[in-house]
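J.:
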Amino acid sequence: MVFSIALWAPSWGGMINGLLTLRGAWHKLRTDPVIQFFAAAVTFYGMATFEGPLMSIKSVNALAHGTDWVVGHVHGGALGWNGFMAAGMFYWLVPRLFGTKLYS
Numbered sequence: 004m005v006f007s008i009a010l011w012a013p014s015w016g017g018m019i020n021g022l023l024t025l026r027g028a029w030h031k032l033r034t035d036p037v038i039q040f041f042a043a044a045v046t047f048y049g050m051a052t053f054e055g056p057l058m059s060i061k062s063v064n065a066l067a068h069g070t071d072w073v074v075g076h077v078h079g080g081a082l083g084w085n086g087f088m089a090a091g092m093f094y095w096l097v098p099r100l101f102g103t104k105l106y107s
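Residue 4 is where the sequence shown starts when you use the numbering used here, and the numbers rise one by one after that.
The structure is reproduced here in structure tokens:
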């Protein structure tokens, strides 16, 4: 359990670093879909990496075991983090590959 709890530091360090890359550019979050997808992905990453070590605590695991919380944790990490990151990369890559703008 101690090592699982210790995972909070590097995981949240990565998440905070991801969000701090927007320092001075938070205004772009309103208009740039790539930044919106990346910010959502990093937020889901933070939630998933918070819940994982939390659920390693035996008393919390006893409450969470067999509930939709476990399913939500896995899907939040898999679909939220990876899905939003992939969508952001798609929105960034396609206009550069085909030399055009995405239709909006």
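Yeah, the Cβ is synthetic: ideal placement off N, Cα and C, and Gly gets one too.
What alpha helix (DSSP H) runs, 4 residues minimum, are completely inside the region 53-85?
T.: Correct list: 61-67 and 71-78.
J.: Any contact between the region 67-86 and the region 41-58? By contact I mean 3 or more CB pairs, one from each, below 8 Å.
T.: Judged by Cβ distances under 8 Å, the region 67-86 makes contact with the region 41-58, as three or more pairs qualify.
J.: Is it buried or exposed for Ala51, if we count other Cβ within 10 angstroms and need 16 for buried?
T.: Counting Cβ neighbours within 10 Å, Ala51 comes out buried, since at least 16 surround it.
J.: Among Gly16, Lys31, Leu32 and His68, which one has its Cα closest to the Cα of Phe53?
T.: Closest by alpha carbon: Gly16.
J.: With burial defined as no fewer than 16 other Cβ atoms inside 10 Å of the residue's Cβ, what is the status of Pro13: buried or exposed?
T.: With fewer than 16 other Cβ atoms within 10 Å, it is exposed.
J.: Locate the alpha helix (DSSP H) running through Met88, then write down its first and last residues.
T.: Element bounds for Met88: Phe87 to Phe101.
J.: Measure from the alpha carbon of Asp35 to the alpha carbon of each residue in Gly102, Trp95 and Ser62, then state which is nearest.
T.: That would be Trp95, whose Cα lies nearest to the Cα of Asp35.
J.: According to DSSP, is Gly108 helix, strand or coil?
T.: No answer is possible for residue 108: the residues shown for the chain start at 4 and end at 107.
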